[in-house]
Structures are given as structure tokens and as C-alpha cells.
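Each residue of the sequence shown is one higher than the one before, starting from 84 at the first, in this note's numbering.
Right, one structure below, let's go through it.
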Amino acid sequence: MLNLKKYCIIPAYNEAKTIVKVIRSVKPFFNKVIVVNDASSDQTLALAKKEDIIVLNHIINRDQGAALETGNQYALDHGAELIVHFDADGQFLAKEINDVMAPIISGEADIVFGSRFLAKKSNMPWFKKNIIMALARLINKIFLGVNLTDPQSGFRALSRMAAKKIIIENDGKAHCSEIMHKAVKYNLRIKEVPITVIYYNFGQRFSGGIDILKELFLSRLIN
């Protein structure tokens, strides 16, 4: 399985400051890199188009889950055998991509989730770590049957089979919990590996964390 056709999907919304650096950091690990521009109002789209990669464009902003599903379907349609989701904001480390892909390449997992709560330490703000993530983990466990250490990691790898089974229906940030729930529901072989996440602007991350909790509650109540 060493010669799997590997695709990286990067959802991007107003990430002009970091998108070029992120694209260039991940390119050595993949056959193809896909940036899904989610109707950015800055130069994200123009900058990505200069980088000799695949660029898909949403003409309206649909949020991260929808961007990932757009990327997944394109990758599957073009023969991807292993798909990695990687954020555009520079929080993840490209040097950890091989760690996330390894369990799928070796055949021991169908889907791999990066976790900020294992061996490596991330500079996660106290409130997010001890309140927001703890609540999200509890919701995942009680309502979705998911018992993983990191309830909202966006750094993951999927085999072709897993990506075909898991259709992302939640357009927003709660897609992370949806993916985990469906991985459990479909009896996929799941593995977590340690990752590092670098936090730059907690003000934005705090509001995003509250939005995730609201989406988790609403999606459960509606469904």
C-alpha cells in the first residue's frame, strides 16, 4: 500500500496570510493538493491559483464542512486512495502528515484522527482545553457514541473506502463530530495519533468553539 494515490484537501476562507506557506509545506507529501476556496473576500483564491495545485471555488460561503465534502468528492472522482484534511491557517505541522497517514498505509486503520490530547503538547488556551473541548467530548460520547480523546480535530486521514462511506452533511464546524460518529456507525477501524496544534489568535478560536457547541446541540435536537 506504499504507492497509494494521496490527496490533500485544504478548506480555505480568507487565509491569504498563510495559504501559500501551507500549500508549499504539504505538497511534498501528496500526489495532488486541493484547495477549496469557500468564497473568500481576500486574495486566498488568487494566491492559491498561482501554486500549481487544484483549486475549487465556492461562489458563496458554505463553511468548512461543505468545503471538505466538495474536496472529498473531487478527490474520489479522480482516483484518490488516501485523503488527508489539513487546515489553511498554519495551525498544523506538515512534518506530522506521515504520522497521520501511516496507519492507513500499513493497513491497520480506515480512518485516522490527529489528537491534541495524546503524547504531544499543544499551546491550547485553558478555557478551550478544559471547558469547550471537555463539553464537546461529553456530547460526542453521550449522544453520538464517540469516545475519542480529541472531539474536534480537523487533521485526519481517510482511506478511499472511508471517504466514500462518510458523506459530510454538516456544512459547519460540527462536521468533525459527524465524521467521528459516522466512522463509529459504519464500524470503520479508527486510530488516533498525536499531533501538535499551534494557536495564534484565541479571540477568534473562542467564538469558534462556542459555535461548535451550539451546532452540536442543534444538530442533535433537530435530528
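Beta carbons are placed, not taken as given, at the ideal position from N, Cα and C, and that holds for glycine.
All values reported here derive from a predicted model rather than from experimental measurement.
Item: Stretch pair the region 169-180 + the region 250-266: three plus CB contacts closer than 8 Å; Value: no
Item: At least 3 beta-carbon pairs within less than 8 Å: the region 186-202 vs the region 108-126; Value: no
Item: CB-CB length for Thr127 against Asn97, believed under 8 Å; Value: 6 Å
Item: For Asn140, the three-state DSSP class (helix, strand or coil); Value: strand
Item: Length at least 3, wholly inside the region 123-169: the beta strand (DSSP E) runs in chain order; Value: 137-141, 165-168
Item: Minimum C-alpha distance to Ile136 - residue among Ile143, Asn120, Ile249, Ser124; Value: Asn120
Item: Element boundaries [alpha helix (DSSP H), containing Pro234]; Value: It is not in any alpha helix (DSSP H) - Pro234 carries neither H nor E in the DSSP assignment.
Item: Per-residue DSSP class, three states only, for Ile106; Value: helix
Item: Residue burial classification, Pro94 (beta-carbon count within 10 angstroms, cutoff 16); Value: buried
Item: Residues near Ile249 by beta carbon distance below 6 Å, same chain, minus five either side; Value: Ile262, Lys265
Item: Minimum C-alpha distance to Val105 - residue among Asp125, Asn86, Glu134; Value: Glu134
Item: For Cys259: DSSP bridge partner residues; Value: According to DSSP, which records beta bridges pairwise, Cys259 is partnered with nothing at all.
Item: Span separating the alpha-carbon of Asn86 from that of Ala240; Value: 16 Å
Item: Straight-line Cα distance separating Tyr269 from Ala129; Value: 39 Å
Item: Length of the line joining the Cα atoms of Lys88 and Glu152; Value: 18 Å
Item: Nearest-angstrom Cα separation, counted from Gln235 out to Gly197; Value: 9 Å
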